[in-house]
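If you count by mature numbering (1 follows the signal peptide of the UniProt record, and there is no 0), then the sequence shown holds residues -19 to -1, 1 to 183, one letter each, in order. Note that the Cβ used here is the ideal one computed from N, Cα and C, for glycine as well. Structure first, then comments.
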Amino acid sequence: MVSFIFPVGIALLASHAAAIPFSFDLHSLHPHSSLISRQEQMPPACTEYCSVLSGCVCIRRPTNCVANYTVQSGDNCGTIVDKYNNFTATELYKWNPEIGQQCFGLQAYVPVCIMVSGYKYPGPVKGGDIKTPEQTPIPTQPGIVSNCTKFEYTDKQGIPTLATILSTNKITKQQWNRWNFPSQDSNGDYFAWAQFWSCIAA
Ligand SMILES: *[C@@H]1O[C@H](CO)[C@@H](O)[C@H](O)[C@H]1NC(C)=O
Ligand SMILES: *[C@@H]1O[C@H](CO)[C@@H](O)[C@H](O)[C@H]1NC(C)=O
Ligand SMILES: *[C@@H]1O[C@H](CO)[C@@H](O)[C@H](O)[C@H]1NC(C)=O
């Protein structure tokens, strides 16, 4: 499959809610944060958010957040970014750290920050864009090795395909498999997930 969508579903709510830690360590989320110009002002701790539909969850939002969007059932980072087209998934993660680097922590009926004062949209991420870990590529495919040094984005249409990623970066399928699916057969046939960053060097 080219496109793996992990929608936010009601059935997942309980497990998501249980998985949300009640405090966050900013440094563990942004190990290279000094290299990134940061406009978001994050409070030191999360605050409880309660609603009938979402239950109570602890969320951390920038104190200079000026616009929210309430996540709907079926949303993922791709659908939210496409809906507004005025921020990237990297910002969505920086402004809403509990969503995680794969965005699997998005929770239905919980507001996410979609704008902080002073933010300037750099334009959409394009298939074939390359980022280092310091540039916080979001969302990354789950399971990528921790020593990945370069990531490449595959767009909604599945472009570039894995074959193109391999040839343009002069890497083998086995290398790509070992970096992206380290627990799977390195000779297996996998795909670069649409609207995710995969690892192209480690
Ligand atoms: C966004 O939602 C959070 C959580 O409910 C709230 O604290 C904040 O005031 C909201 N911000 C705006 C701009 O509505
Ligand atoms: C994106 O657009 C929405 C809706 O117009 C707006 O509320 C929000 O502030 C915008 N965010 C950015 C980052 O410009
Ligand atoms: C990166 O990590 C993987 C898996 O943990 C390991 O097998 C590999 O040797 C590491 N590569 C380098 C260059 O350190």
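- Counted as a single uninterrupted DSSP element, the alpha helix (DSSP H) harbouring E72 occupies residues A70 to W76.
- Distances taken from the Cβ of Y65 to the heavy atoms of ligand 2 include one shorter than 7 angstroms.
- A contact is defined here as three or more CB-CB pairs under 8 angstroms, and the region 34 to 42 meets this definition with respect to the region 58 to 78.
- Under the Cβ criterion (8 angstroms, minimum of three pairs), the region 84 to 95 does not count as touching the region 136 to 151.
- Bounds of the alpha helix (DSSP H) holding K64 are C58 to Y65.
- The residue among F68, V97 and I125 with its C-alpha nearest the C-alpha of F162 is I125.
- Proximity of the region 119 to 139 to the region 154 to 168 meets the contact definition, three or more beta-carbon pairs being nearer than 8 angstroms.
- Looking at the DSSP output, W178 bridges to T121 and Y134.
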